[in-house]
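Q: Just passing along the structure, written as structure tokens.
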Amino acid sequence: MSLKSYEHCCSSLQAFATLGKVEGVIPLLHGPQPCAYQIQIGSMTCRPSRLVTAGTLIKKSEVVFGGEENLKSQIINLYHQYKPRIIVIINTCLPQLIGEDIKGVIAEVEQEIPELKVTYFDSGFNFPKSMPLGNDAAWTSIVKVLEPREKVKGSVGLVGRSGADCGAFQSIDTFLKEAGIPVFIFPAANLNEMEKIVQAETLLPTHVVPYLTCKELSERFGAKVKYLEVPSGIQGTSGFLRGVADVMKNQKLHDLVDQEEERIRPQYEAIKKRFAEDPVKVMVAYGPAGEFSLSKILADFGAEVIMLPSMKNKFAQAEKELQKKKYGVTIFEDDFDTLEDLYEIYKPDAIFCEVQGRVEFIPKLMPSFCNMMYLTAYGYDFALDFGENFHKAMKRDVLTTWKDMVLRYGGTVRT
Numbered sequence: 129m130s131l132k133s134y135e136h137c138c139s140s141l142q143a144f145a146t147l148g149k150v151e152g153v154i155p156l157l158h159g160p161q162p163c164a165y166q167i168q169i170g171s172m173t174c175r176p177s178r179l180v181t182a183g184t185l186i187k188k189s190e191v192v193f194g195g196e197e198n199l200k201s202q203i204i205n206l207y208h209q210y211k212p213r214i215i216v217i218i219n220t221c222l223p224q225l226i227g228e229d230i231k232g233v234i235a236e237v238e239q240e241i242p243e244l245k246v247t248y249f250d251s252g253f254n255f256p257k258s259m260p261l262g263n264d265a266a267w268t269s270i271v272k273v274l275e276p277r278e279k280v281k282g283s284v285g286l287v288g289r290s291g292a293d294c295g296a297f298q299s300i301d302t303f304l305k306e307a308g309i310p311v312f313i314f315p316a317a318n319l320n321e322m323e324k325i326v327q328a329e330t331l332l333p334t335h336v337v338p339y340l341t342c343k344e345l346s347e348r349f350g351a352k353v354k355y356l357e358v359p360s361g362i363q364g365t366s367g368f369l370r371g372v373a374d375v376m377k378n379q380k381l382h383d384l385v386d387q388e389e390e391r392i393r394p395q396y397e398a399i400k401k402r403f404a405e406d407p408v409k410v411m412v413a414y415g416p417a418g419e420f421s422l423s424k425i426l427a428d429f430g431a432e433v434i435m436l437p438s439m440k441n442k443f444a445q446a447e448k449e450l451q452k453k454k455y456g457v458t459i460f461e462d463d464f465d466t467l468e469d470l471y472e473i474y475k476p477d478a479i480f481c482e483v484q485g486r487v488e489f490i491p492k493l494m495p496s497f498c499n500m501m502y503l504t505a506y507g508y509d510f511a512l513d514f515g516e517n518f519h520k521a522m523k524r525d526v527l528t529t530w531k532d533m534v535l536r537y538g539g540t541v542r543t
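Taken in order, the sequence shown gives residues 129 to 543; the numbers are from the numbering used here.
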């Protein structure tokens with residue numbers, strides 16, 4: 129993937145918003161004031177209103193003499209005021225550059241407050257190519273301080289990416305529970321629920337993002353990891369659930385999928401017919417890793433899809449191969465300057481990227497959608513709703529009218 133990636137957001141921002149959704153956990157941003165300001169502003173649309181936005185606000189003098197005392201003081205103050213069970217230090221670029229002793233600070237705090245667990249991870253320039261790595265690294269830092277528990281026989285753990293997945297698992301785990309399979313989910317809305325993931329015998333990632341999280345859970349707690357596919361779209365959801373049924377040797381789950389496919393078939397076929405009658409070519413680019421689920425839904429209904437993947441871990445490699453072979457998705461990973469350059473190659477009818485209304489596409493009057501508005505794209509119902517409304521959301525009639533007006537009164541439309 130090009131280093132000129134359109135994912136301008138820092139991985140620290142994603143980690144901050146992700147960790148702030150879990151009750152019992154407080155993220156502490158260790159960085160300068162500009163960093164804290166940008167991350168607080170950038171995360172306002174994707175974090176709870178009552179998230180504690182704590183930061184050390186490193187000063188110039190601390191760049192020279194070190195900010196360890198400031199960091200320790202902030203950790204202790206946060207504990208006494210809010211009594212969290214875990215504080216996660218998001219160690220940004222500046223303290224990494226000056227080589228601060230984060231582990232030493234944590235050791236001192238643990239001596240003074242034994243009941244508090246403090247962990248950290250390095251973010252910022254360590255992850256220049258992928259914003260969603262902030263998710264994965266944040267969860268991994270929490271896994272490192274979880275305690276072992278006895279495994280539940282025949283159980284599975286669904287491991288997702290952002291805190292938004294907490295409410296999206298229901299479209300998947302409902303089937304597993306009905307089939308009699310014990311299920312643990314990670315992440316969850318609170319730490320008490322989330323830490324139960326260590327009891328799962330088999331881990332099933334629901335997205336390509338949590339590779340490091342699954343690896344840490346496997347190494348620390350001995351769980352088996354089985355990547356199936358992202359459960360988005362009709363075929364993708366069925367493929368995931370049938371994969372679980374095969375892994376767990378559970379015929380009831382296969383039967384439940386049969387019933388669900390029968391229920392949704394008329395609507396599914398109607399949507400595919402609409403896509404066949406009104407073909408669309410869509411470019412899905414980054415922001416943050418939503419391209420893996422959105423491209424699958426669109427291709428499932430018959431759209432021609434060009435995907436620019438944001439991740440390269442083993443889960444992402446497996447998902448890319450599956451999408452190429454099963455769905456005919458075109459994967460673009462070569463270097464490029466701007467998305468406008470790729471428009472000249474593929475001429476898409478619409479684009480999904482990290483910001484709605486990209487400046488280079490506005491003069492073309494081309495529909496653009498923000499990937500961050502479609503983060504929880506799991507299950508049958510999401511896919512059906514997405515497909516049912518997609519052509520309407522493109523506003524082709526409106527854009528055609530505008531193009532005609534521009535051509536008549538304003539000269540030319542950029543193409």
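Quick reminder that beta carbons are idealized off the backbone N, C-alpha and C, glycines included. Because the structure is a prediction, the values reported are computed rather than measured.
#1: When you compare the CB positions of Asn205 and Phe249, do they come within less than 8 Å of one another, or not?
#2: Quick check on the DSSP output: the beta strand (DSSP E) that includes Asn318 runs from which residue to which?
#3: Within 10 angstroms of the Cβ of Glu197, are there 16 or more other Cβ atoms? Answer buried if so, exposed if not.
#4: Among Lys354, Lys440 and Ser423, whose alpha-carbon lies nearest the alpha-carbon of Glu432?
#5: Helix, strand or coil: which one does DSSP assign to His158?
#6: Taking Gly364 as the reference, which of Glu321, Lys492 and Ile300 has the closest Cα?
#7: Using the three-state DSSP reduction, which class does Glu432 fall into: helix, strand or coil?
#8: Near Ala292, which residues of its chain fall below 7 Å by C-beta distance, leaving aside the five closest residues on each side in sequence?
#9: Tell me the rounded alpha-carbon separation between Asp383 and Asp264.
#10: Helix, strand or coil for Thr146, going by three-state DSSP, please let me know.
#11: Can you name, in chain order, every residue of its own chain whose Cβ lies under 6 Å from the Cβ of Ala478, other than the five neighbours on each side?
#12: Among the candidates Gly350, Lys380 and Leu470, whose CA atom is the shortest distance from the CA of Val412?
#13: Just to confirm before moving on: does the CB-CB distance between Thr466 and Glu344 stay below 8 Å?
#14: According to DSSP, is Thr247 part of a helix, a strand, or is it coil?
#15: Let me check you understand the geometry: is the CB of Ala235 closer than 7 Å to at least one non-hydrogen atom of the ligand ZN?
#16: What first and last residue would you give for the alpha helix (DSSP H) that runs through Ile234?
#17: Any idea which residues DSSP pairs Gly285 with across the strands?
#18: Report the three-state DSSP secondary structure of Thr458 (helix, strand or coil).
#19: Grouping DSSP H, G and I as helix and E and B as strand, with all else coil, what is Lys409?
#20: Assuming the contact rule is C-beta atoms closer than 8 Å, Val246 and Ile217 should be a hit. Round their C-beta distance to whole Å, please.
#21: What are the boundary residues of the alpha helix (DSSP H) that includes Cys342?
#22: Please tell me whether Gly285 and Leu331 are closer than 8 Å, where the distance is taken between their beta carbons.
#23: Quick check on Lys352: does DSSP put it in helix, strand or coil?
#24: Do the region 396-410 and the region 441-457 meet, that is, are 3 or more Cβ pairs less than 8 Å apart?
#25: Kindly list the residues whose CB is nearer than 7 Å to the CB of Cys158, restricted to its own chain and excluding five residues on each side of it in sequence; keep chain order.
#26: Is Met439 closer than 8 Å to Val337 when the C-beta atoms are compared?
#27: Who are the near neighbours of Val622 in its chain, counting only those whose CB is closer than 6 Å to its CB and skipping five residues on each side?
#28: Quick one: measure Cβ to Cβ for Ser283 and Val311, integer angstroms, because I've assumed they're closer than 8 Å.
#29: Below 8 Å between beta carbons: does that hold for Phe92 and Phe403?
#30: Give every residue of the same chain whose Cβ lies closer than 7 Å to the Cβ of Pro276, excluding the five residues on either side of it in the sequence, and list them in chain order.
#31: Check the DSSP bridge columns for Ser360 and list the partner residues they point to.
A: Looking at the coordinates:
#1: Inclusion of Asn205 and Phe249 in the CB contact set at 8 Å is not warranted, their separation being larger than that value.
#2: Asn318 -> no beta strand (DSSP E), and no H or E assigned at all.
#3: exposed
#4: Looking at the Cα atoms, Ser423 is the closest of the given residues.
#5: In the displayed model, His158 falls within a strand according to three-state DSSP.
#6: Ile300
#7: strand
#8: Leu503 and Thr504
#9: 34 Å
#10: helix
#11: Val410, Pro495 and Met522
#12: If we check each option's Cα against that of Val412, Leu470 comes out closest.
#13: no
#14: strand
#15: Questions concerning the ligand ZN fall outside what the structure shown contains, since it holds no ligand whatsoever.
#16: Ile230 to Glu240
#17: Phe312 and Leu331
#18: strand
#19: strand
#20: 7 Å
#21: Tyr339 to Phe349
#22: yes
#23: strand
#24: no
#25: The question names Cys, but residue 158 is His in the sequence shown. Hits under 7 Å: Thr184, Leu199, Ile217, Ile218, Asn219, Thr220 and Pro223.
#26: yes
#27: A query on residue 622 cannot be resolved here, the shown segment of the chain reaching from 129 to 543 and no further.
#28: 7 Å
#29: Lying outside 129 to 543, the shown extent of the chain, residue 92 is not represented and no answer is given.
#30: Val326 and Phe349
#31: Gly507
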